[in-house]
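Chemist: Whatever position you read off the sequence shown (first residue = 1), add 5 for my numbering.
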Amino acid sequence: MEFGPRALGARSILGDPRSPEMQKKLNLKIKYRESFRPFAPSVLAEEAATYFDLEGTSPYMLLVRPVKAAHRKPLPADYQSLGVREKLYFERSSMPAITHVDFSARVQTVHQGTNPRYHRLITAFKALTGIGMLVNTSFNVRGEPIVCTAEDAYRCFMRTEMDYLVVGDNLFNKTEQPAWERTDDWKEEFVLD
6 MEFGPRALGA RSILGDPRSP EMQKKLNLKI KYRESFRPFA PSVLAEEAAT
56 YFDLEGTSPY MLLVRPVKAA HRKPLPADYQ SLGVREKLYF ERSSMPAITH
106 VDFSARVQTV HQGTNPRYHR LITAFKALTG IGMLVNTSFN VRGEPIVCTA
156 EDAYRCFMRT EMDYLVVGDN LFNKTEQPAW ERTDDWKEEF VLD
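#1: Between the Cα of Y4 and those of C153, K73, R97, spot the shortest distance and give me the residue it belongs to.
#2: Run the CB neighbour count on M167, radius 10 Å, all protein chains shown included, and call it buried at 16 or more, exposed below.
#3: Specify whether the stretch 33 to 52 and the stretch 134 to 150 touch according to this definition: at least 3 beta carbon pairs, one from each stretch, less than 8 angstroms apart.
#4: Report the three-state DSSP secondary structure of Y123 (helix, strand or coil).
#5: Cutting at 6 angstroms between CB atoms, please list the residues of its own chain near G185, excluding the five before and the five after it.
#6: Should the stretch 112 to 128 be regarded as contacting the stretch 62 to 74, the criterion being three or more beta carbon pairs within less than 8 angstroms?
#7: Let me make sure I understand the geometry here. Which of A158, V106, E7 has the alpha-carbon closest to that of V89?
#8: Nearest to A50 by CA position, among E7, S86, H124, R23, is which residue?
#9: What does a CB cutoff of less than 7 angstroms around I103 pick up in its chain, not counting 5 residues either side in sequence?
#10: Cβ atoms of V69 and G137: under 8 angstroms apart, would you say?
#11: Specify, as a first and last residue, the run of the beta strand (DSSP E) that Q113 falls within.
#12: Identify the continuous beta strand (DSSP E) that holds A45 and give its terminal residues.
Next up, the structure:
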């Protein structure tokens with residue numbers, strides 16, 4: 006389990022960074038917060054320099070670095086005249102789910118030697134998609150602490166619109182779970198930020 010202010014792959018909600026809708030989906034359907042809030046990439050350490058202007062490593066997601074120009078999409082000529090919401094949802098890169106409005110991202114480099122399981126997962130995602138990176142956000146909803154137990158994780162999974170949950174070597178598909186009968190509401194348990 007991680008310690009500190011960031012989810013580093015053990016207690017994380019993961020997504021596809023290539024999806025233009027992923028940021029909005031994670032915010033509105035899972036995190037229950039404003040749709041514009043950004044997410045961070047977890048990237049294979051050996052490929053980080055392919056995507057970001059990053060010298061060295063950032064295993065604890067503490068560095069904000071620019072997305073490389075090769076992955077940026079050009080801004081339209083009328084960009085400055087667009088409304089705030091239109092600017093927020095403009096696809097700024099080939100990884101729109103992790104690219105902030107200023108073309109930066111809070112990068113986590115994932116290393117084979119220090120986080121082998123997470124590294125293998127991202128490597129498998131790369132084999133399927135061609136990109137060695139995942140969207141990574143803390144496994145919680147707005148106002149709630151990060152999950153700490155398998156029960157916390159299952160409760161959060163069932164209360165949100167997540168599709169799958171992995172706990173250890175167990176995979177849970179939402180469509181195969183019994184109906185969630187509990188009436189407790191996280192919105193009443195925790196003060197919203």
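Using N, Cα and C, we set each Cβ at its ideal position, and we do this for glycine too.
Note that the structure is predicted; figures quoted are calculated from it, not measured.
Modeler: According to the data block:
#1: No answer is possible for residue 4: it lies beyond the span of the chain, which begins at 6 and ends at 198.
#2: Stepping through the sequence shown from its first residue, residue 167 is reached at position 162. Per the 10 Å Cβ criterion, buried.
#3: yes
#4: Locating residue 123 in the sequence shown gives position 118, where the first residue counts as 1. Three-state result, Y123: helix.
#5: For the purposes of this step, residue 185 is taken as the residue at position 180 of the sequence shown. Reading the sequence as shown, one finds Trp at residue 185 and not Gly. Correct list, in chain order: M163.
#6: yes
#7: Here residue 89 refers to the residue found at position 84 of the sequence shown. Closest option to V89, Cα to Cα, is V106.
#8: The sequence position of residue 50 within the sequence shown is 45, counting from 1. The shortest Cα separation from A50 among E7, S86, H124, R23 belongs to H124.
#9: Taking the sequence shown and counting its residues from 1, one reaches residue 103 at position 98. Excluding residues within five positions, the ones whose Cβ falls inside 7 angstroms are P22, F44, A45, P46, A110, V140.
#10: Locating residue 137 in the sequence shown gives position 132, where the first residue counts as 1. Locating residue 69 in the sequence shown gives position 64, where the first residue counts as 1. No, they are not a contact pair.
#11: Counting from one through the sequence shown, the residue named residue 113 turns up at place 108. That run of the beta strand (DSSP E) goes 109 to 115.
#12: As a position in the sequence shown, residue 45 is number 40, starting the count at 1. Its beta strand (DSSP E) spans residues 45 to 49.
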